[in-house]
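What follows is one structure encoded as structure tokens, with my remarks underneath.
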Amino acid sequence: MNWRAITLAAAAAALALPLVAQNAAPVVQQRKSNQQQRIGEGVENGSLTAGEAGRIEKQETHLNTEQRRMKSDDSLSPAERARLQRQQSRMSKEIYNQKHDAQTQSLHPTTEVGQRERNQQQRIGEGIENGSLTPREAGRMEGREAATHRAVHNARSDGTVTPREHARINSLQNRNSRAIYRQKHDRQRRPH
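For the sequence shown, my numbering assigns the number 117 to the initial residue and increments by one for each residue that follows.
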């Protein structure tokens, strides 16, 4: 009688093991979605600068590439899953540290250029949060925003912004705005 119970228990455990393995994949995906939500909120509320968000999104892109490579045989081994979870934990700490460091975006810019930068950061943040921007797209958009920010900083470094510098900054912001729109409205979506 005991052998029959043990055999039944072993059979039930063997059948349940694939279900546990299948349920672990949504945990990884849910964690990625939560992290994207946190990044989006940080960009929107100004606690992440364009450069910080761009670096984090680049790391996220690398992690996604590695996950796709690991899943190429249609399943994740326990060792692969553990590795992904460690990487996600590191990324989570990085997001926290970047959101809580002293670097922030100006939440109430006084210039037209600053207001446009803030508006574009909010649009990128919304795209990250709602999944209309993939991590790769968001990283590219943040890189463009960081380059524009550097151009603004360089133009202001001598105390005045010449009409030519203002026209260049305006052109960069127009290109960034169009790129944000195109990337948010293309068919690529971050899986939820």
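Backbone N, C-alpha and C fix where the C-beta goes; we use that ideal spot for every residue, glycine too.
- Looking at Lys148, Ile211, Pro142, the one whose alpha-carbon comes closest to that of Arg306 is Lys148.
- When secondary structure is reduced to three states using DSSP, Ala218 falls in the coil class, being assigned neither helix nor strand.
- Residue state for Pro194 is assigned as helix, using DSSP reduced to three classes.
- About 17 angstroms separates the Cβ atoms of Gln221 and Ser293, ruling out a contact at the 8 angstroms cut-off.
- Of the residues His224, Thr177, Thr165, the one whose Cα lies closest to the Cα of Asn213 is Thr165.
- Membership of Lys174 in the alpha helix (DSSP H) is indicated by the continuous run 166-186.
- Rounded to the nearest angstrom, the Cβ distance from Glu157 to Met207 is 15 angstroms, too far for a contact under 8 angstroms.
- Per DSSP, Gly255 is one residue of the alpha helix (DSSP H) stretching across 251-272.
- Annotated three-state conformation of Gly156 is helix, per DSSP.
- In this structure, Ala254 sits near Ile155, with a CB-CB distance shorter than 9 angstroms.
- By the beta-carbon neighbour count (other beta carbons within 10 angstroms, threshold 16), Val229 is buried.
- Cβ-Cβ distances below 7 angstroms link Gly259 to Gly170 in the same chain, with the five nearest sequence neighbours on each side left out; the list follows chain order.
- Inclusion of Arg252 and Glu173 in the CB contact set at 9 angstroms is warranted, their separation being smaller than that value.
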